[in-house]
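Okay, so here's the structure we're looking at.
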Amino acid sequence: QVQLVESGGGLVQPGGSLRLSCAASGNIFSRNVMGWYRQAPGKERELVAGITSGGSTNYADSVKGRFTISRDNAKNTVFLHMNSLKPEDTAVYYCYAGLINPQYWGQGTQVTVSS
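Position one of the sequence shown corresponds to residue 67 (our numbering), numbered consecutively onward.
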């Protein structure tokens with residue numbers, strides 16, 4: 067069984083920064099994709115960013131240039147560095163892991179961008 071534990075959410079003012087972390091444990095396969103989705107109230111869950119174990123990344127258009135995803139393969143940990151945060155970035159952020167598509171999910175961490 068794979069477990070994903072997220073940390074780093076919170077309240078930040080517009081223009082501020084946050085870093086989310088997600089550590090995977092259990093029977094995680096060596097070649098995988100990890101990343102983040104988010105879900106705002108009344109909206110569908112959407113992909114924010116993903117990164118392969120080889121380092122290839124993809125981002126939602128709405129976060130390109132502001133968010134950076136990275137990972138530490140030795141620790142099976144993925145990070146999401148969020149800069150220039152906007153109120154519309156407010157959502158619950160979910161970490162995921164899988165071979166290609168999400169197979170495992172974290173419990174979610176709240177990010178609120180508000181003055």
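Every residue, glycine too, gets a C-beta built ideally from N, C-alpha and C.
Residue j beta carbon less than 9 Å from that of residue i
i, j, result
"Thr175", "Leu77", "no"
"Tyr159", "Trp102", "yes"
Three-way DSSP call (helix, strand, coil) for residue i in this model
i, result
"Ala140", "helix"
Residue i to residue j span [Cα, whole Å]
i, j, result
"Gly74", "Gly81", "17 Å"
"Val71", "Gly172", "6 Å"
"Gln69", "Ala115", "19 Å"
"Thr143", "Cys161", "10 Å"
"Ala140", "Pro153", "34 Å"
"Ile135", "Tyr125", "9 Å"
"Ser180", "Phe95", "38 Å"
"Arg137", "Gly108", "30 Å"
Opening and closing residue of the beta strand (DSSP E) in which residue i lies
i, result
"Ile117", "Glu112 to Thr118"
"Leu151", "It is not in any beta strand (DSSP E) - Leu151 carries neither H nor E in the DSSP assignment."
"Ala163", "Ala157 to Gly164"
Identity of the residues DSSP links to residue i by a beta bridge
i, result
"Asn124", "Gly116"
"Ala89", "Val71 and Thr143"
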